[in-house]
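In terms of our numbering, the sequence shown opens at residue -11 and continues consecutively.
Have a look at the structure below, then the notes.
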Amino acid sequence: MKPIPYTALEKAMLPLDGTIAPYVPAILDAYARIVPRARWDEIEMFDYTSGSCLMPMAFAAAGAARVTVNDAAPRSHLAAAFLFGGRKIDPARVEALLTAKRPRLRPHVPTFHFACDYLTAPVCDVFDRLYHADAPAAERAGLRYLAVRWALGFAPSMVDGFEILYTHDPAQLRTIRDVDWRPYLARAANPRKILRALVRDLNAAIDALGPRRFALHLGDMKDLAKTLRPRVPCFVAVNPPTRGLDEYTIDDQLVHSLMANRWLPLSRSRETHLDFWVKRVDAALRHLPRGAHFMVWGGDGSMSFEACKKVWEIYGSPLFISRLGTRDTAPGWGIFEAHKNGV
Ligand SMILES: C[S@@+](CC[C@H](N)C(=O)[O-])C[C@H]1O[C@@H](n2cnc3c(N)ncnc32)[C@H](O)[C@@H]1O
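What follows is the structure in structure tokens.
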């Protein structure tokens, strides 16, 4: 059985705070002990909260018959549109866009006009040449995802997010003690080298996924779950935020503003963390047919793992449970088998 090329997939996935990507190999290993890999070409994989897209990519690379991907965030939908679109990025097109004196771009507001607190003018110029390139429609998902990956690479880490640029003078930035701006400046100074490597990594993932059947959605899983009807055999990933939506809104403000080509205001969810999670877990699991397998994560938010497990057990029986530590507060994940025929 061909091993799943995690290294290639992890290089192409969308960097994201709050991802469970580090646990995806263990999750798929556990599932392979429940359903042998040799039968994965019969299963349909659903990811209601695809985020980094690593898990649906791994299932696709492992031979799943069909993969349905959803997330409510445009950054993940863009990632999925490229990663599951089967169309590689043309390195020559990227080179031409980066070196052209006046590249042909679609009408847009220069990104530096609204993102200058986080991205310098040269960094924004490269972003605009890729994201707003007047390229054939079939190439746009690749160029835009490449642009987003270029910009996200200027965050020291996805956990801490972007640092504010209190000056745009490189000499002054180098003298700042509390933030090491050298990696940022080095990246900004070598766009062609950085992007050549990124194009290689992204195209390698397209090769690893191969021609598969994909369905992409962008929306609230609560609504999508009313229309999707998974059939057995299937694997359904359900991993909504455990501490509500607000922290994602803040984390995503820059990337979504870059994609919207204007600075987006922050907003606050009107649902409690608990309501948000329970409503979405219920919506996704209540429609599953008996025998469906679902993967869930919990315990690192407003509910303890045991409290989450009580909710999951309304819909299914645990086949595999993994906790990240022995404390009661330790989060974890599980693979369950649905025991009721969906309502
Ligand atoms: C905890 S993250 C996990 C993502 C993914 N499983 C991963 O490991 O990369 C939760 C994801 O849910 C998405 N999300 C938040 N609210 C959602 C909703 N109502 N419907 C669908 N996705 C949602 C977020 O954008 C985020 O990508």
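Note that beta-carbon positions come from the ideal geometry of N, C-alpha and C, so glycine has one too.
{"query": "M(-11) burial status per 10 Å Cβ neighbour count (16 or more: buried)", "result": "exposed"}
{"query": "CB of M33 within 8 Å of CB of A18, strictly", "result": "no"}
{"query": "P221 - DSSP class collapsed to helix/strand/coil", "result": "coil"}
{"query": "Backbone CA spacing between L131 and H120 [nearest angstrom]", "result": "9 Å"}
{"query": "N191 (DSSP reduced to helix, strand or coil)", "result": "helix"}
{"query": "Three-pair Cβ contact test at 8 Å for the stretch 233 to 241 versus the stretch 186 to 197", "result": "no"}
{"query": "As assigned by DSSP and simplified to three states, the class of E301", "result": "coil"}
{"query": "DSSP-derived helix/strand/coil call for D113", "result": "helix"}
{"query": "DSSP three-state assignment for T163, whether helix, strand or coil", "result": "helix"}
{"query": "Beta-carbon proximity list for A360, same chain, < 7 Å, skipping 5 on both sides", "result": "There is no way to answer for residue 360, as the model of the chain reaches only from -11 to 331."}
{"query": "Ordered list of alpha helix (DSSP H) runs contained in the stretch 234 to 297, each at least 4 residues", "result": "234 to 239, 241 to 248 and 261 to 273"}
{"query": "Distance between beta carbons of F282 and V55, contact taken as under 8 Å", "result": "V55 to F282, Cβ: 15 Å. No contact."}
{"query": "Option nearest I238 by Cα separation, candidates G149, P218 and A326", "result": "G149"}
{"query": "Nearest to Y154 (by Cα), restricted to the options A49, R188 and Y106", "result": "Y106"}
{"query": "Closer than 7 Å: N58 CB and nearest ligand 1 heavy atom", "result": "yes"}
{"query": "For F100 and P24, the rounded distance between their alpha carbons", "result": "51 Å"}
{"query": "Proximity below 8 Å, CB of H332 to CB of N249", "result": "Outside the displayed range of the chain (-11 to 331) lies residue 332, so it cannot be described from this structure."}
{"query": "For I309: DSSP bridge partner residues", "result": "G322"}
{"query": "Runs of alpha helix (DSSP H) wholly within the stretch 124 to 165 (minimum 4 residues, chain order)", "result": "125 to 140 and 158 to 163"}
{"query": "For S145, the nearest candidate out of L85, L4, L216 and T87 (CA to CA)", "result": "L4"}
{"query": "Residue ranges of each beta strand (DSSP E) within the stretch 7 to 68, 3 or longer", "result": "32 to 35 and 54 to 59"}
{"query": "Bridge-paired residues (DSSP) for A121", "result": "L93"}
{"query": "Buried versus exposed call for V269 [16 or more other C-beta atoms within 10 Å across all chains shown]", "result": "buried"}
{"query": "Residues bridged to H205 [DSSP beta-bridge criterion]", "result": "N58"}
{"query": "Heavy atom of ligand 1 within 7 Å of I210 beta-carbon", "result": "According to the sequence displayed, residue 210 carries Lys and not Ile. Yes, the Cβ of K210 comes within 7 Å of a heavy atom of ligand 1."}
{"query": "Any non-hydrogen atom of ligand 1 closer than 7 Å to I238 Cβ", "result": "no"}
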